[in-house]
Amino acid sequence: MYLRKHFAKIVCVLIAICGFSQASIGYAAEELPPGMVIGDEKGLYTTPEGDYFIEMEDVMPGETYKKTITIRSLDLKEPYSLDLRVDPVDSTGPIDFNKSMTMTLTLDDKEIYTGPLLGNGEFDWTKTPLDLGICKYGTDKVLKATFKMDKSLTGDDFKEPSEMTFKWTFVATRDQKPTKPTEETKDTPKLPDTQGPKEVSFIEELIRKNLPQTGEDWKDALYKTLSGLLLVLITILLWKKRKEEEANQGE
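Numbering (my numbering) for the sequence shown: 23 to 273.
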């Protein structure tokens, strides 16, 4: 069995600026698999090139932010198996967003993950992709992401800008059926011989048994045979002529 994979990436950028002014979360997607569309509740979908970007502003301590992402398969052929993987990219500043922000993911109203952005200790989805099930044509999958900032953060935490960038990668896999091997050409069955064994005449059998098989012996035998036939022919002619003479004398 052969597997074909496609990838769609969402880059999440978390920024905290001093003075509680704002923090933002952004998503960008690229290299979407053919026939797959990703968009949010505001009706923003990817471009033909697969680019997609949305932003949440004014992220504050203790606040909760939600984003709904719709995944739709427009492939008329076979369904996709969809997984989601996260990869850390960069983190700067005093705030560790992986510890200060809790993320909850629900897929079609069923919770599939809750914990830090990069894993909860029990499940490390930087290594093991999160299973999102099968995407079939004509059906949507609704992925809801809820981000909650730690309310214990203080002004001291925001004295310097903090930033964290991580990447979501949607992995769409389609099973490839191996090409059916060409059947080997079968030998044409031989028809049974309904005539039975070929009968050999007495003369053929006599020649086969008595005539030699080498070249020189064949020549000698051929001369002898022709000489014998000539003598027989002369004898027959003489006998026939004598019969005709006897018949003429009788008349």
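Even glycine gets a Cβ: it sits at the ideal position worked out from N, Cα and C.
Predicted, not measured: the structure shown is a model, and the values here were computed from it.
What's the call for W12, buried or exposed, on a 16-neighbour Cβ count within 10 Å? The structure shown has nothing for residue 12, since the chain only spans 23 to 273.
Which residues bound the beta strand (DSSP E) around S122? If you look at S122, you'll find it isn't in any beta strand (DSSP E); it sits in the alpha helix (DSSP H) that goes 119-122.
Please report how far the alpha carbon of G115 lies from the alpha carbon of T168, in whole angstroms. 23 Å
Check T257 in the structure and name its three-state DSSP category. helix
In angstroms, rounded to a whole number, what distance separates the CA positions of F180 and M82? 11 Å
Can you have a look at S122 and say buried or exposed, based on whether 16 or more other CB atoms are within 10 angstroms of its CB? buried
Buried/exposed call for E145, threshold 16 Cβ in 10 Å: Just to set this straight, residue 145 is Phe in the shown sequence, not Glu. Note on F145: under 16 other CB atoms within 10 angstroms of its CB, so exposed under the neighbour-count rule.
Simplified DSSP state of F192, which is helix, strand or coil: strand
Should T124 be counted as a contact of the ligand GDP given a C-beta to heavy atom distance under 6 Å? The model on display carries no ligand, and the ligand GDP is accordingly not part of it.
If distances are taken between C-alpha atoms only, which option among L251, F119, L140 comes closest to L175? F119
Member of K173, S113, K166 whose CA lies at the smallest distance from the CA of F188: When K173, S113, K166 are compared, the shortest CA-CA separation from F188 is found for S113.
Rounded separation between W190 and S184 - CA only: 20 Å
Cβ atoms of L104 and L152: under 7 Å apart, would you say? no
Mind checking whether T86 and K170 have CB atoms under 7 Å apart? yes
Through-space distance from D162 to L140, alpha-carbon basis: Their backbone Cα atoms lie some 26 Å apart in a straight line.
Contacts around L127, its chain only, beta-carbon distance under 6 Å, and the 5 residues preceding and following it disregarded: I134, Y135, A167
Report buried or exposed for L165, applying the criterion of at least 16 other Cβ atoms within 10 angstroms of its Cβ. buried
Coil, strand or helix - F180 by DSSP: helix
Identify which residue in K173, I256, T148 has its Cα closest to the Cα of G84. Comparing alpha-carbon positions, the option among K173, I256, T148 lying closest to G84 turns out to be K173.
Can you tell me where the beta strand (DSSP E) holding T114 begins and where it ends? 102-114
Three-state class that DSSP yields for M82 in the structure shown: coil
G177 versus T124: straight-line alpha-carbon distance, rounded: 20 Å
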